[in-house]
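Engineer:
Number of protein chains: 2
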Amino acid sequence: MVYAVIMAGGKGTRFWPVSTPERPKQLLRLFDERTMIEQTVHRLEPFIPADQQFIVTIEEQIEEFARQVPDLDRNSFITEPFARNTGPAIGLSAVHLLKKDPDAIMVVLPADHRIEDKEAFQATLRTAVGFVEESDGIVTIGIRPTRPETGYGYIQYERDDFRPGVHRVVTFAEKPNRETAIRFIETGEFLWNSGMFIWSAQRILSEIEEHTPELYAALMEISDALDTDAPKERVVRAYQSIKPISIDYGVMEKTRNAYVVPAGFGWSDIGSWEEVYQMDTKDTSGNVRQGPVVILDTQNSYVVSRTELPLAVIGMKNVVVVHTEEGTLVCPRDRLQDVREAAELVQKRKH
Amino acid sequence: MVYAVIMAGGKGTRFWPVSTPERPKQLLRLFDERTMIEQTVHRLEPFIPADQQFIVTIEEQIEEFARQVPDLDRNSFITEPFARNTGPAIGLSAVHLLKKDPDAIMVVLPADHRIEDKEAFQATLRTAVGFVEESDGIVTIGIRPTRPETGYGYIQYERDDFRPGVHRVVTFAEKPNRETAIRFIETGEFLWNSGMFIWSAQRILSEIEEHTPELYAALMEISDALDTDAPKERVVRAYQSIKPISIDYGVMEKTRNAYVVPAGFGWSDIGSWEEVYQMDTKDTSGNVRQGPVVILDTQNSYVVSRTELPLAVIGMKNVVVVHTEEGTLVCPRDRLQDVREAAELVQKRKH
C-alpha cells in the first residue's frame, strides 16, 4: 500500500519572528486559513487517505502539533527523539512502515511547500508510484527551474524518457554558485531537487545499508527495540549514536538506481520571507502592509506588525520588517538567507 | 528679580516611539539619569534658584510632569489650556510673572537642549541679564554655527560689541536652504537662533502689544481673569481665540530693539535621534546597541530595544531602529526629520 511520510521537523528559524522553535513554519498559516502541515495533508487526498499518512517530527513539537492541528490522529506521528537531518528521519519512517506493511511504498514530502494544483500534483505522484511498483526504483520529483537559483540542489537527467514521464538520473549536483546555476539552466538537462521522494520502504533501507551502514545498524537496533514493551530508552540511545546526514548525501548522490519524474504542477519552496512577499498582495508602491503600520516613502517592502503596536517605516527600499510578540526583524530582501543565523543568535541569547 | 521660564510644551513626536504625547522629550532620560527638564532646572542653579523657576506646559502634561519629577513644586507650573506655539506661551508667562513682580526679568529657555558647561552657561546668562537690567533690551542667545544646518533660524549681527559680550542684531533669517546656509557661515556674521531669550516681562508685553496686538488683547483678557476667583473658564476662552504664532515671527523679526549675546558654552539641540546617536557610545562598527538586540553585518546604526523583546537587524547601514512598548521605528539616519510626520500618523491612527 502507499503511505505518505511528511517531514515536519523544521526548527522555524527562517521565518523568525513569526516562526519559532515552538511554532515552526509547518504550523504557520501562510497563504491559507490552514497551517502548512494541514495544506500538505489535504493535498494528498484522496490519493493517499489520512489513515495512510504519517508525520515525522521531533519529540518537543508533538504537543504543539496536536494543539494546532487537532484533526490529526496521534497514531499518525512518527517521533524522532531529536533532529538528525533527513537521512535518519526517513530511515526511522521506513522501519515504522515495515512493521505495518512489508510492501509499503513511501511518498516522502516536506511539509513546507506551496503547491496549488492538487490534481496535477496527485497525477505526478501516481506516475512515480506506478513506476516504483513496477521497478522498485529510487524516485525523486524534479522541478523545472525558472531562475538560476543557488539555494537548491540540482538533478541532471537523461532527456529521453526511460518510461513515460520517468527519466534516469545522471547525477545529483549540490547547491551551485551563480555561474554554474546559469550553465545548468542553459543546458536544459537539469531540474531542481524538490526533496520529494518515492520508493519502497524495503528498498530505501537496502540503499541505506549499502551506502551508510552505520545509520543502518542504528536503525536495526531501533527496529528491534520497537518490538519490545518499553522501546523508548533504547530508541533514544540508538538515536544518540546517529550522525546527522541528509538523504541526498547519504543515498541519492551514491545510488545507481535513481530516477526522476519532472513535476507537472506549479511549485514554490517557501524558504524565506521573500517567497511570502512575492505571493502577498501589494499596494501601488510594491509594499505588503499588514497590521497597524505607518509607511512613508517606502518601496517594494514587506512591513507587517502582528501585534497591536504601531510599526513606522520611513524611507526604505526592498526591506522586510516584521514585528510579532516574539520580536522584531529588520532585513533587506536580498539578505534573508541570514535570518536563520539571527534567529539562532536570538535563541542562544535567551538561554 | 530674575525668573526662569522653561518652555516644556513639546508634543514628543520627534523621538517616537520613545517619546509620546504623554511622555514628551523633556521627560526623557537622555544622556543622564535625570530627565531633560530636571537637567534644565539644575543647570540654572544657583544663578536662578528653584523658587524663581517656572515651567510652561500644556494642561494634559501636568500629571506626568508631577509624577516623573516629584521635586518640582506644583506652584512652579504655568499651564496653557492647549499649545499655541511660543508667542502665546511666553506672553502668558509674562502676564503671570507681572502679578508677582512688576520688575520681573525673564530668562526663557527650551527644556530640550544639551549644555554641559554649567558655569559658562550661567556666565552668558549673567551678561544678558546685566544688559537687560541696564537697557531694557530684547536679548537672544546666539550659537556660533559649526555646520551649514538648514534646520535652524539664523541671526545676522554686528561684529563690533555694542556692550562687552553684547551685539546689535541686524536681522533674523528663517531656516535657510543649504546654499544660503553655507553663505551665512562664510560671512562670519551669522549665529544660530537658540530659542533662549532674556527680557523684562513688561518689555516683552509692550513688544507683543506693538507687533501682534490680537495676541496682546487676549493676554490682557487673561490678566483680568487671573484676578477673579474662578479664572479657568475665561482663560480657556481667551486661549481659544489665540492664533498659534512663534515669538520669532511675532516679535523678534519685527522689533528694532534686538540684541544677541553669543554663547560662551557648548550647545546641542537634541532635535532628532541623530543627536542621540552621535552622543552615545558606539561599538567598532559604529553601532549604538542597547537592550536584547542581535546585529549582523550592520554599520553606523542606532539599534535599541527598550523592551524584553529581541530585535534583529541584518545588513543595514546608517539606520535608526528603535523598539519600545509604544511601537517600532525603522528610519535611515538622513530621513529622521520625517519621524515627526510618522508619529503624527500613528497618533491619528489611534484615534
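In order, the protein sequences belong to chains S and Y.
According to our numbering, the first sequence is numbered sequentially starting from 1.
According to our numbering, the second sequence is numbered sequentially starting from 1001.
Here a beta-carbon is modelled for each residue, glycine too, at the ideal position from N, C-alpha and C.
Using a threshold of 7 Å, state whether the C-beta atoms of SER1305(Y) and LEU1296(Y) are closer than that.
Structural biologist: What you label residue 1305(Y) is simply residue 305 of the second sequence in a count that begins at 1. What you label residue 1296(Y) is simply residue 296 of the second sequence in a count that begins at 1. Cβ distance not < 7 Å, so SER1305(Y) and LEU1296(Y) don't count as in contact.
Engineer: Using the Cα positions of THR150(S) and SER194(S), report the straight-line distance between them to the nearest angstrom.
Structural biologist: Counting from one through the first sequence, the residue named residue 150(S) turns up at place 150. Counting from one through the first sequence, the residue named residue 194(S) turns up at place 194. Looking at the two C-alpha atoms, the distance is approximately 14 Å.
Engineer: Select from LYS1317(Y), LEU1309(Y), VAL1313(Y), ASP1283(Y) the residue whose C-alpha is nearest the C-alpha of GLN1299(Y).
Structural biologist: By 1-based counting over the second sequence, the position of residue 1299(Y) is 299. Among LYS1317(Y), LEU1309(Y), VAL1313(Y), ASP1283(Y), the Cα nearest to that of GLN1299(Y) is on LYS1317(Y).
Engineer: Below 8 Å on the Cβ atoms is my contact criterion, and I expect TRP267(S) with HIS113(S) to pass it. Report the Cβ-Cβ distance as a whole number of Å.
Structural biologist: For the purposes of this step, residue 267(S) is taken as residue 267 along the first sequence, with counting starting at 1. For the purposes of this step, residue 113(S) is taken as residue 113 along the first sequence, with counting starting at 1. Yes, TRP267(S) and HIS113(S) are in contact; Cβ-Cβ is about 6 Å, under 8 Å.
Engineer: Is the Cβ-Cβ distance between ILE1222(Y) and VAL1108(Y) less than 7 Å?
Structural biologist: Reading the second sequence from its first residue, position 222 is the one you call residue 1222(Y). Reading the second sequence from its first residue, position 108 is the one you call residue 1108(Y). Cβ distance not < 7 Å, so ILE1222(Y) and VAL1108(Y) don't count as in contact.
Engineer: Use the C-beta contact count for ILE115(S): other C-beta atoms within 10 angstroms, 16 or more gives buried, fewer gives exposed.
Structural biologist: Translated into positions along the first sequence, residue 115(S) becomes position 115. Buried, because 16 or more other Cβ atoms sit within 10 Å of the Cβ of ILE115(S).
Engineer: Quick one: using the 10 Å Cβ neighbour count with 16 as the cut-off for buried, is GLU80(S) buried or exposed?
Structural biologist: Along the first sequence, one-based indexing puts residue 80(S) at 80. With 16 or more other CB atoms across the displayed protein chains lying within 10 angstroms of its CB, GLU80(S) is buried.
Engineer: What are the residues of the stretch 1299-1321 of chain Y that lie near chain S, defined by any Cβ-Cβ distance shorter than 8 Å?
Structural biologist: SER1305, LEU1309, PRO1310, LEU1311, ALA1312, VAL1313, ILE1314, GLY1315, MET1316, VAL1319, VAL1321
Engineer: I need the straight-line Cα distance from GLU1158(Y) to PRO1088(Y), nearest angstrom please.
Structural biologist: Numbered from its first residue, the second sequence carries residue 1158(Y) at position 158. Numbered from its first residue, the second sequence carries residue 1088(Y) at position 88. Roughly 29 Å between the two C-alpha positions.
Engineer: Which ranges would you report for the alpha helix (DSSP H) in the stretch 137-207 of chain S if only whole runs of at least 4 residues count?
Structural biologist: Within the stretch 137-207 of chain S, the complete alpha helix (DSSP H) runs of at least 4 residues are 178-187.
Engineer: Output yes if chain Y places a C-beta closer than 7 Å to the C-beta of HIS399(S); else output no.
Structural biologist: The requested residue 399(S) is not part of the displayed model; chain S covers only 1 to 351.
Engineer: So if I threshold CB-CB distances at 8 Å, which residues from the stretch 36-61 of chain S count as touching chain Y?
Structural biologist: none
Engineer: For the beta strand (DSSP E) containing MET1279(Y), list its first residue and its last residue.
Structural biologist: Mapped onto the second sequence, residue 1279(Y) falls at position 279. MET1279(Y) -> not in any beta strand (DSSP E); alpha helix (DSSP H) instead, spanning 1273-1279.
Engineer: Report the neighbours of PRO292(S) on chain Y: residues whose CB is nearer than 9 Å to its CB, in chain order.
Structural biologist: The residue labelled residue 292(S) in the question sits at position 292 within the first sequence. GLY1327, VAL1346, ARG1349, LYS1350, listed in chain order.
Engineer: For chain Y, find out if any of its Cβ atoms is closer than 7 Å to the Cβ of LEU296(S); answer yes or no.
Structural biologist: Residue mapping note: residue 296(S) aligns to position 296 of the first sequence, counting from 1. Cβ-Cβ to chain Y under 7 Å: yes for LEU296(S).
Engineer: Are any of the Cβ atoms in chain Y nearer than 7 Å to that of ARG289(S)?
Structural biologist: One-based indexing of the first sequence puts residue 289(S) at position 289. So no, ARG289(S) is outside the interface.
Engineer: Under 8 Å, with one C-beta from each stretch per pair, do the stretch 116-129 of chain S and the stretch 204-212 of chain S reach the 3-pair mark?
Structural biologist: The answer is no - the stretch 204-212 of chain S does not touch the stretch 116-129 of chain S, with fewer than three Cβ pairs under 8 Å.
Engineer: Provide the residue(s) that pair with ILE1314(Y) in DSSP beta bridges, ordered along the chain.
Structural biologist: If you number the second sequence from 1, residue 1314(Y) lands on position 314. DSSP lists LEU1296(Y) as partners of ILE1314(Y).
Engineer: Could you give the first and the last residue of the continuous alpha helix (DSSP H) run that contains TYR239(S)?
Structural biologist: By 1-based counting over the first sequence, the position of residue 239(S) is 239. From DSSP, the alpha helix (DSSP H) with TYR239(S) extends over 232-240.
Engineer: Taking Cβ-Cβ distances below 9 Å as the criterion, which residues of the stretch 1249-1280 of chain Y are in contact with chain S?
Structural biologist: none
Engineer: With respect to the beta strand (DSSP E) encompassing PRO213(S), which residues constitute its N-terminal and C-terminal limits?
Structural biologist: As a first step, residue 213(S) must be located in the first sequence, where it is residue number 213. Looking at the DSSP string, PRO213(S) is not in any beta strand (DSSP E); the run it does join, the alpha helix (DSSP H), is 213-226.
Engineer: Below 7 Å CB to CB, which residues in the same chain sit around ARG168(S) once its five sequence neighbours on both sides are set aside?
Structural biologist: Numbered from 1 along the first sequence, position 168 holds the residue referred to as residue 168(S). Excluding residues up to 5 positions away in sequence, TYR157, GLU158, PHE162, TYR259 lie with their Cβ nearer than 7 Å to the Cβ of ARG168(S) in the same chain.
Engineer: Measure from the C-beta of ARG335(S) to each C-beta in chain Y and report whether the shortest distance is under 7 Å.
Structural biologist: The sequence position of residue 335(S) within the first sequence is 335, counting from 1. Chain Y, which has a Cβ nearer than 7 Å to the Cβ of ARG335(S), makes this yes.
Engineer: Is VAL18(S) close to chain Y? Criterion is C-beta to C-beta, closer than 7 Å.
Structural biologist: Translated into the one-based positions of the first sequence, residue 18(S) becomes position 18. False, the Cβ-Cβ gap to chain Y never drops below 7 Å.
Engineer: Can GLY9(S) and ILE58(S) be called in contact, C-beta distance under 7 Å?
Structural biologist: Here residue 9(S) is taken as the residue at index 9 of the first sequence, counted from 1. Here residue 58(S) is taken as the residue at index 58 of the first sequence, counted from 1. For GLY9(S) and ILE58(S), yes; Cβs fall inside 7 Å.
Engineer: Please check if any C-beta of chain Y sits within less than 7 Å of the C-beta of ASP283(S).
Structural biologist: As a working mapping, residue 283(S) is identified with position 283 in the first sequence. Closer than 7 Å: no.
Engineer: Could you tell me the distance, in whole angstroms, from the CA atom of ASP103(S) to the CA atom of ALA201(S)?
Structural biologist: Position 103 of the first sequence, counted from the first residue, corresponds to residue 103(S). Position 201 of the first sequence, counted from the first residue, corresponds to residue 201(S). Taking the Cα positions, ASP103(S) is about 7 Å away from ALA201(S).
Engineer: Does any C-beta atom of chain Y lie closer than 7 Å to the C-beta of PRO21(S)?
Structural biologist: Counted from its first residue, the first sequence places residue 21(S) at position 21. Chain Y contact via Cβ: absent.
Engineer: Bridge partners of LEU329(S), per DSSP?
Structural biologist: As a first step, residue 329(S) is located in the first sequence; it is residue number 329 there, counting from the start. Looking at the DSSP output, LEU329(S) sits in a beta bridge with VAL322(S), ALA1312(Y).
Engineer: Helix, strand or coil, according to DSSP, for SER1246(Y) in the structure here?
Structural biologist: Position 246 of the second sequence, counting from 1, holds the residue named residue 1246(Y). In the structure shown, SER1246(Y) sits in coil (DSSP, three-state: anything other than H, G, I, E or B).
Engineer: Applying a beta-carbon distance threshold of less than 9 Å, which residues of chain S neighbour ASP1229(Y)?
Structural biologist: Reading the second sequence from its first residue, position 229 is the one you call residue 1229(Y). Neighbours of ASP1229(Y) on chain S: none; closest Cβ ~44 Å, over 9 Å.
Engineer: Name, please, each residue of chain S whose Cβ falls closer than 8 Å to the Cβ of PRO1332(Y).
Structural biologist: Looking up residue 1332(Y) in the second sequence gives position 332. Simply ILE314, GLY315, MET316.
Engineer: When you compare only the Cα positions, how much space is there between VAL1170(Y) and THR1228(Y)?
Structural biologist: Reading the second sequence from its first residue, position 170 is the one you call residue 1170(Y). Reading the second sequence from its first residue, position 228 is the one you call residue 1228(Y). Between VAL1170(Y) and THR1228(Y), the C-alpha separation is close to 43 Å.
Engineer: Where are the alpha helix (DSSP H) runs, 4 residues long or more, that stay fully inside the stretch 1033-1105 of chain Y, in chain order?
Structural biologist: 1036-1044, 1062-1068, 1086-1100
Engineer: Contact between the stretch 1238-1252 of chain Y and the stretch 1261-1276 of chain Y is defined here as three or more beta-carbon pairs at a separation below 8 Å; is this criterion met?
Structural biologist: no
Engineer: Nearest to GLY1165(Y) by CA position, among PHE1172(Y), SER1135(Y), ALA1128(Y), is which residue?
Structural biologist: Against the second sequence, residue 1165(Y) aligns to sequence position 165. Ranking the options by Cα distance to GLY1165(Y), first place goes to ALA1128(Y).
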